[in-house]
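Numbering (this note's numbering) for the sequence shown: 3 to 78.
Here a beta-carbon is modelled for each residue, glycine too, at the ideal position from N, C-alpha and C.
Here the structure comes first, spelled out in structure tokens, and everything after it is commentary.
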Amino acid sequence: MHHEYSYIVLPKYTYYYSLRVPLDIRGQYKTKRIAVSLRTHSKRAALRGSQQVSIQLENHWSAIRVQQTDRMPIIC
Numbered sequence: 003m004h005h006e007y008s009y010i011v012l013p014k015y016t017y018y019y020s021l022r023v024p025l026d027i028r029g030q031y032k033t034k035r036i037a038v039s040l041r042t043h044s045k046r047a048a049l050r051g052s053q054q055v056s057i058q059l060e061n062h063w064s065a066i067r068v069q070q071t072d073r074m075p076i077i078c
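Okay, structure coming up:
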């Protein structure tokens with residue numbers, strides 16, 4: 003769970019979740035980094051929120067990867 007600390011930032015008064023978009027799906031995005039407000043001033047709440055965002059992003063990225071492999075031509 004220690005790695006999740008690196009995903010939250012506190013630029014002013016509200017925590018944000020910030021993570022780079024993986025290289026293999028970066029073409030699907032206009033930016034190299036995802037930043038989402040966690041809408042909290044509490045570090046504890048930010049850590050809980052970051053876990054939820056991580057799960058949602060990983061599920062979304064997995065779906066993108068599946069779509070990309072479905073479009074790959076089959077070479078025999």
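Taking C-beta atoms as the reference points, LEU25 and TYR9 fail to come closer than 8 Å. Inter-residue distance for GLU60 and LEU12 is about 23 Å (C-alpha atoms, whole angstroms). Taken through DSSP and simplified to helix, strand or coil, TYR17 comes out as coil. The C-beta separation of VAL55 from TYR17 comes to about 11 Å, leaving the pair out of contact by the 8 Å criterion.
Non-local beta-carbon contacts of ARG67 in its own chain, meaning distances under 8 Å to residues more than five positions away in sequence, involve ASP26, ILE27 in chain order. The alpha-carbon separation between GLN69 and TYR31 amounts to approximately 15 Å. Assigned with DSSP and collapsed to three states, ARG35 falls in strand.
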